[in-house]
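Asker:
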Amino acid sequence: MDLSPRFKSEKFLCPHCQVASQQAWFDLDSSSSAANKILNHVFYEYRTRINNYKQEAIANFISEVEGVNKRHMSEFVPKGFSVATCSSCGDISLWVNQEIVYPKQTAVAPPNEDMEQEIQDLYLEASSIVVDSPKGATALLRLALQLLLKQLGKSGKNINNDIKELVADGLSPKIQKALDLLRVVGNNAVHPGQIDLEDGRDIALKLFHVLNFIADEMISKPKELDLLYSDVVPKETQLHINERDGK
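Numbering (the UniProt record's numbering), first residue to last: 1 to 247.
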């Protein structure tokens, strides 16, 4: 089931909290109805204290206001403007002519959860600006790569040297390519060179996938294999294997 944000959908994946939640919509069509509900609710308790012979006059007044609301609400709520409120987090998304304009929507997958929180924060910050500033997003991803290399046990100060050390340690060629891809393009965002990033949104979007790919190959998969190994292979057998390998 597709739960991506869609205009007037009663439930979708909230772009703020990432929870599939119910959405309450407000627009020109519903504004006068909402205002009239408030009017009736606010006056309900007040009307119960009014003499019965005045109730008809109050009812006529409210009826008149309801009609005015319907006729003049367009002066206060722009046509084509809609707001959806998430029932989970309470944040809103803004829509103009059936298209979401806030928050900015990108086809960026969530960051790999095995990356340290600071790296994930940089990833999310980059995803929030990639539509308006691909070069800025790319520069942030380059910084995230530095921190990822540090998480992998390298210095995190010189990306090129860190990659060189990983290659010497037996790094897979495909991961080396991914690292150098992010390094070269990211460096170009900071120091303009041969790659044109003036309208590089497509390039920047691909780099999010590259960073997640590196983390998946170098952190998540080995972690998953270690857990599987410790769960399946008996302790005694593990000791024999370590003795065999001289560990």
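Where a beta carbon is used, it is the ideal one built from N, C-alpha and C, also for glycine.
Could you tell me if V50 is buried or exposed, where buried requires 16 or more neighbouring beta carbons within 10 angstroms of its beta carbon?
Answerer: Reading the sequence shown from its first residue, position 50 is the one you call residue 50. What sits at residue 50 in the sequence shown is Ile, not Val. So I50 counts as exposed.
Asker: Smallest Cα separation from T85: which of H16, V77, L207 and V108?
Answerer: Within the sequence shown, the letter at position 85 stands for residue 85. When only C-alpha atoms are compared, the closest one is H16.
Asker: What residue from L171, S128 and P134 has the CA that sits closest to L149's CA?
Answerer: Here the question's residue 149 lines up with position 149 in the sequence shown. Per the Cα distances, L171.
Asker: Taking the C-alpha atoms as reference points, what is the distance between S30 and Q98?
Answerer: Along the sequence shown, one-based indexing puts residue 30 at 30. Along the sequence shown, one-based indexing puts residue 98 at 98. Cα to Cα, the separation comes out at about 15 Å.
Asker: Terminal residues of the continuous alpha helix (DSSP H) containing A168?
Answerer: For the purposes of this step, residue 168 is taken as residue 168 along the sequence shown, with counting starting at 1. Here the alpha helix (DSSP H) through A168 covers I159 to A168.
Asker: Look at the alpha carbon of M115 and the alpha carbon of L179, and state the distance between them as a whole number of angstroms.
Answerer: By 1-based counting over the sequence shown, the position of residue 115 is 115. By 1-based counting over the sequence shown, the position of residue 179 is 179. Straight-line Cα distance between these residues: approximately 15 Å.
Asker: Taking the alpha carbon of V108 as the point to measure from, which residue in A34, K177 and D202 has its own alpha carbon closest?
Answerer: Reading the sequence shown from its first residue, position 108 is the one you call residue 108. V108 has its Cα closest to that of D202, out of A34, K177 and D202.
Asker: Could you spell out where the beta strand (DSSP E) holding S21 opens and where it closes?
Answerer: In the sequence shown, counting from the first residue as 1, residue 21 sits at position 21. A20 to D27 is the extent of the beta strand (DSSP E) around S21.
Asker: How is L3 classed by DSSP in three states: helix, strand or coil?
Answerer: Position 3 of the sequence shown holds residue 3. In the structure shown, L3 sits in coil (DSSP, three-state: anything other than H, G, I, E or B).
Asker: At which residues does the beta strand (DSSP E) containing S133 begin and terminate?
Answerer: Counting from 1 along the sequence shown, the entry for residue 133 is found at position 133. Taken as a continuous stretch (DSSP letters only), S133 belongs to no beta strand (DSSP E), as it is neither H nor E.
Asker: Would L28 and L141 be called neighbours here (beta carbons separated by less than 7 Å)?
Answerer: Looking up residue 28 in the sequence shown gives position 28. Looking up residue 141 in the sequence shown gives position 141. No; because the gap between Cβ atoms is not below 7 Å, this pair is not in contact.
Asker: Quick one: residues in its chain with C-beta nearer than 6 Å to the C-beta of P103, no 5 flanking neighbours on either side, listed in chain order?
Answerer: Walking along the sequence shown from the start, residue 103 turns up at place 103. For P103, where only same-chain residues beyond five positions count, the Cβ hits under 6 Å are P15.
Asker: Can you tell me whether I195 is helix, strand or coil according to DSSP?
Answerer: The count along the sequence shown starts at 1 and reaches residue 195 at position 195. Note that I195 has pLDDT 49, beneath the 50 cutoff, so the model's placement of it is unreliable and the number below is only indicative. If DSSP states are grouped into helix, strand and coil, I195 belongs with coil.
Asker: Considering only residues of the same chain and omitting the five flanking positions on each side of E10, which have a CB-CB separation below 8 Å?
Answerer: As a working mapping, residue 10 is identified with position 10 in the sequence shown. Q22 and Q23.
Asker: For V167, I'd like the list of residues in its chain whose CB is within less than 8 Å of its CB, leaving aside the five on either flank, ordered along the chain.
Answerer: Here residue 167 refers to the residue found at position 167 of the sequence shown. Excluding sequence neighbours, V167 sits near Q176.
Asker: Pick from L145, F43 and H209: whose alpha carbon is nearest that of N187?
Answerer: Numbered from 1 along the sequence shown, position 187 holds the residue referred to as residue 187. Nearest C-alpha to N187: L145.
Asker: Would you mind stating whether N112 and A204 have Cβ atoms separated by less than 7 Å?
Answerer: As a working note, residue 112 is residue 112 in the sequence shown. As a working note, residue 204 is residue 204 in the sequence shown. The answer is no: Cβ separation not under 7 Å.
Asker: Given L182, which residues of its chain have a CB within under 8 Å of its CB, disregarding the five upstream and five downstream residues?
Answerer: Numbered from its first residue, the sequence shown carries residue 182 at position 182. Same-chain partners within the cutoff: L141, R142, L145, L207, V210, L211 and I214.
Asker: Ignore the nearest five residues each way along the sequence and tell me which others in S155's own chain have a CB closer than 8 Å to its CB.
Answerer: Position 155 of the sequence shown, counted from the first residue, corresponds to residue 155. Excluding sequence neighbours, S155 sits near L149, N161 and D162.
Asker: On the DSSP bridge list, what partners appear for V96?
Answerer: Counting from 1 along the sequence shown, the entry for residue 96 is found at position 96. F81 and E99, per the DSSP bridge assignment.
Asker: So, L101 versus F26, is the Cβ gap smaller than 7 Å?
Answerer: Stepping through the sequence shown from its first residue, residue 101 is reached at position 101. Stepping through the sequence shown from its first residue, residue 26 is reached at position 26. One detail in the question is off: residue 101 reads as Val in this sequence, not Leu. Contact flag unset, no.
Asker: Suppose you measure from the CA of I58 to the CA of R47; what does that come to, to the nearest Å?
Answerer: Taking the first residue of the sequence shown as 1, we reach residue 58 at position 58. Taking the first residue of the sequence shown as 1, we reach residue 47 at position 47. Spanning the two alpha carbons is a distance of roughly 8 Å.
Asker: Could you tell me the distance, in whole angstroms, from the CA atom of L227 to the CA atom of Q18?
Answerer: As a first step, residue 227 is located in the sequence shown; it is residue number 227 there, counting from the start. As a first step, residue 18 is located in the sequence shown; it is residue number 18 there, counting from the start. Rounded to the nearest angstrom, the two C-alpha atoms are 28 Å apart.
Asker: In the DSSP output, which residue or residues are listed as bridge partners for C86?
Answerer: Indexing the sequence shown from 1 puts residue 86 at position 86. DSSP output for C86 lists Q23 as bridge partner(s).
Asker: Measure the alpha-carbon distance for A137 versus A126 and round it to whole angstroms.
Answerer: The residue given as residue 137 occupies position 137 in the sequence shown. The residue given as residue 126 occupies position 126 in the sequence shown. In a straight line, the C-alpha of A137 is about 4 Å away from that of A126.
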